[in-house]
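What follows is one structure encoded as structure tokens, with my remarks underneath.
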Amino acid sequence: MKRFLIGFAFCFLQLAAFSFCSGDEPVPAHFTEWKAETIVDKSEIDRTGLDAWFKSEEISDDVFDRMWLKSWKEDCPLDRSDLRYLKVLHRNADGLPQCGEMVVNAAIADKVLGIFRQLYEAGYRIERMALIDNYGANDETAMRANNSSSFNFRFMTGSTTKISKHGLGLAIDINTLYNPYVKRKDDGTWHIEPATAEPYAFDRESRTDIPYKIDHDDLAYKLFTEAGFEWGGDWTSLKDYQHFEINLSL
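In terms of UniProt numbering, the sequence shown opens at residue 1 and continues consecutively.
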């Protein structure tokens with residue numbers, strides 16, 4: 001009997017050790033029900049490791065249902081396999097870790113994931129990062145909310161065949177309210193997107209009062225351009241301060 005009890009205790013200890021070593025702990029709910037703008041406790045990140053919070057996945061049925069007839073239109077010629085769903089952490093307005101999500105072209109998914117990880121580790125603040133489908137795929141509405149996003153299928157203005165960079169998932173907009181699209185019209189007036197961003201549209205180089213401002217000293221600018229992206233703030237015919245785009249060949 002004594003030998004049996006000793007053997008039983010030994011087996012129990014082995015099983016307990018195996019359970020502990022295999023990390024058999026509760027899985028954070030964020031992993032099974034990922035929701036943008038969810039604040040994450042640092043203890044969860046420390047317990048699971050940072051790698052677990054930066055993932056590139058194929059477009060699931062649930063994600064595609066959110067996109068259907070919003071960012072994904074009926075005339076979209078892409079395949080779902082051309083895109084990837086990114087799960088990332090980013091620092092919100094208060095500097096807290098927050099869940100973010102973005103759909104990008106599969107060819108640049110790993111590149112973009114790496115950039116967002118570097119931004120997170122540097123403490124770079126992105127107010128929110130949710131699929132544009134949360135805003136009915138309406139650019140103006142999403143930009144007014146200062147949302148950062150990528151894929152939204154559309155053709156280029158005046159074309160029925162040439163797909164825009166956003167329509168290919170090859171363009172990314174960051175902190176959109178404070179880094180607007182600005183173009184001077186033929187009549188001398190200005191077209192600004194979002195329309196509520198006029199306070200942040202002009203004299204940007206000399207100003208220090210614009211939160212989330214992207215310029216040549218900004219870390220997002222440095223990381224995206226080093227990775228082969230072009231910044232809309234460098235364009236001459238117009239300025240698109242929120243916008244980074246890349247050619248598929250890169």
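We put the CB at the ideal spot given by N, CA and C, even for glycine. Computed from a predicted model, the values in this text were never measured in an experiment.
What do you reckon, are the CB atoms on G169 and S150 nearer than 9 Å?
yes
So if DSSP puts F155 in a beta bridge, which residue, or which two residues, is it bridged to?
I163
Taking the alpha carbon of L238 as the reference point, which residue from V182, G100 and I45 has its own alpha carbon closest?
V182
Spatial neighbours of Y120 in its chain, beta-carbon cut-off 6 Å, leaving aside the 5 residues before and after
L89 and H90
Coil, strand or helix - D173 by DSSP
strand
8 Å Cβ shell around N152 - same chain, five flanking residues per side excluded:
S71, I132, A137, D139, H166 and G167
Counting along the chain, where does the alpha helix (DSSP H) carrying R66 start and finish?
D61 to M67
Quick check on DSSP: helix, strand or coil for C21?
Because the pLDDT at C21 is just 38, under 50, the model does not fix this residue reliably, and the point stays unresolved.
Cβ neighbours of R154 in the same chain (closer than 6 Å, five flanking residues each side left out):
S164 and G167
Look at I108 and S148 and say whether their C-beta atoms are less than 9 Å apart.
no
Here's the rule I'm using: 16 or more other beta-carbon atoms within 10 Å means buried, otherwise exposed. How should N146 be labelled?
buried
Give me the DSSP bridge partner(s) of G242.
According to the sequence displayed, residue 242 carries Gln and not Gly. Q242 pairs with nothing; no bridge assigned.
Decide if residue 293 is buried, meaning its Cβ has at least 16 other Cβ atoms within 10 Å, or exposed.
Examination of residue 293 is not possible in this model, given that the chain is present from 1 through 250 alone.
Would you mind working out which of T141, P77, G233 and S43 sits nearest T161, comparing C-alpha positions?
P77
For L223, tell me which candidate among T48, Y124 and R80 has the shortest Cα-Cα distance.
Y124
Whose C-alpha, out of E226, E37 and S206, is nearest the C-alpha of G100?
E37
Assuming K42 and P97 form a contact by the criterion Cβ under 8 Å, report the distance between their Cβ atoms to the nearest whole angstrom.
7 Å
Opposite R207 in the DSSP bridges: which residues?
Its beta-bridge partners do not exist; DSSP assigns none.
Is it the case that the Cβ atoms of R144 and A93 are separated by a distance below 9 Å?
no
Considering Y200, what are the terminal residues of the beta strand (DSSP E) in which it resides?
Y200 -> no beta strand (DSSP E), and no H or E assigned at all.
What residue range does the alpha helix (DSSP H) around I45 cover?
K42 to T48
How is the alpha helix (DSSP H) around I115 delimited, first residue to last?
A109 to E121
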